[in-house]
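Data block below; observations after.
Numbering (UniProt numbering), first residue to last: 1 to 274.
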């Protein structure tokens, strides 16, 4: 018999006045209560404690939206890094060819006087190579000044003569006219590639490639003035200056300064100037 039934029998026997003797020791009421299943108030108390723990845990846990804020901030920083990195990374878009506007390292250029169909050629006569009719046409369309490469000084032209260092002087590109005025040697050009000087008309049209000013280039800085003077009054040089002037006129581009200087020079020497 379970404890609860045993307690009920004892209670009934006492009420009826009948003494009932049992051979077993009565079980205390506390043991009866503790040995049974938990009551409703105990379960409610446990649920309340559990809910309290969950509430405390939720308070310590970050909201889900807080994680979204962090992700957005990190994404923004990452996008800035991507923008910065594109500044240093090479562009995949087609690059504009700068050779249209200015010389490249090897001097290839069309120049201001040329059209879009004008072939690229070096602006350094020392790099011309074979002289062709096409080269004649392009050079005349560009004009002599385009190929002169003038500068204030030419330290790279230094050469030693009998223990003395000499170099190209910028004054050789000037000359004194019969009337005392200073004018350009319009036909004289400098080659940075070969660090020497050339006669532009003779380089284009002379068949004498053995001459320095029309072939390998002139570098005798000790005798520059005398050599240039002799060359300028030579019949062949005058003929080729006229040739380039005539072709310039035929092409619709007259190198007026070159033509005028040539006429003055020819008149000066014809009249016995010296």
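All C-beta atoms, glycine included, are put in the ideal place defined by N, C-alpha and C.
Inter-residue spacing [alpha-carbon to alpha-carbon] between residue i and residue j
| i | j | result |
| --- | --- | --- |
| residue 191 | residue 245 | 22 Å |
| residue 212 | residue 218 | 5 Å |
| residue 189 | residue 199 | 6 Å |
| residue 137 | residue 242 | 15 Å |
| residue 122 | residue 175 | 27 Å |
| residue 161 | residue 205 | 32 Å |
| residue 43 | residue 55 | 18 Å |
| residue 234 | residue 227 | 11 Å |
| residue 250 | residue 163 | 50 Å |
| residue 133 | residue 210 | 20 Å |
| residue 222 | residue 239 | 27 Å |
| residue 196 | residue 220 | 9 Å |
For residue j and residue i, believed in contact at Cβ under 8 Å, the rounded distance
| i | j | result |
| --- | --- | --- |
| residue 194 | residue 126 | 4 Å |
| residue 214 | residue 203 | 5 Å |
| residue 149 | residue 124 | 7 Å |
| residue 128 | residue 120 | Actually they are not in contact, since the Cβ atoms of residue 128 and residue 120 sit about 13 Å apart, beyond 8 Å. |
Terminal residues of the beta strand (DSSP E) in which residue i lies
| i | result |
| --- | --- |
| residue 188 | 188-191 |
| residue 174 | 174-176 |
| residue 164 | 164-166 |
| residue 183 | 182-184 |
| residue 148 | Element bounds for residue 148: n/a, residue is neither H nor E. |
Residue range of the unbroken alpha helix (DSSP H) whose run includes residue i
| i | result |
| --- | --- |
| residue 227 | 224-232 |
| residue 247 | 235-250 |
| residue 205 | 200-205 |
| residue 138 | 133-142 |
8 Å CB neighbourhood of residue i in its chain, flanking five on each side removed
| i | result |
| --- | --- |
| residue 180 | none |
| residue 147 | 123, 124, 125, 139, 189, 200 |
Contact under 7 Å by Cβ, residue i with residue j
| i | j | result |
| --- | --- | --- |
| residue 248 | residue 140 | yes |
| residue 144 | residue 186 | yes |
| residue 177 | residue 183 | yes |
6 Å CB neighbourhood of residue i in its chain, flanking five on each side removed
| i | result |
| --- | --- |
| residue 41 | none |
| residue 158 | 165, 167 |
| residue 216 | none |
Close beta carbons around residue i, own chain, < 7 Å, minus the five adjacent residues each side
| i | result |
| --- | --- |
| residue 155 | 167 |
| residue 231 | 199, 213, 237 |
| residue 152 | 170 |
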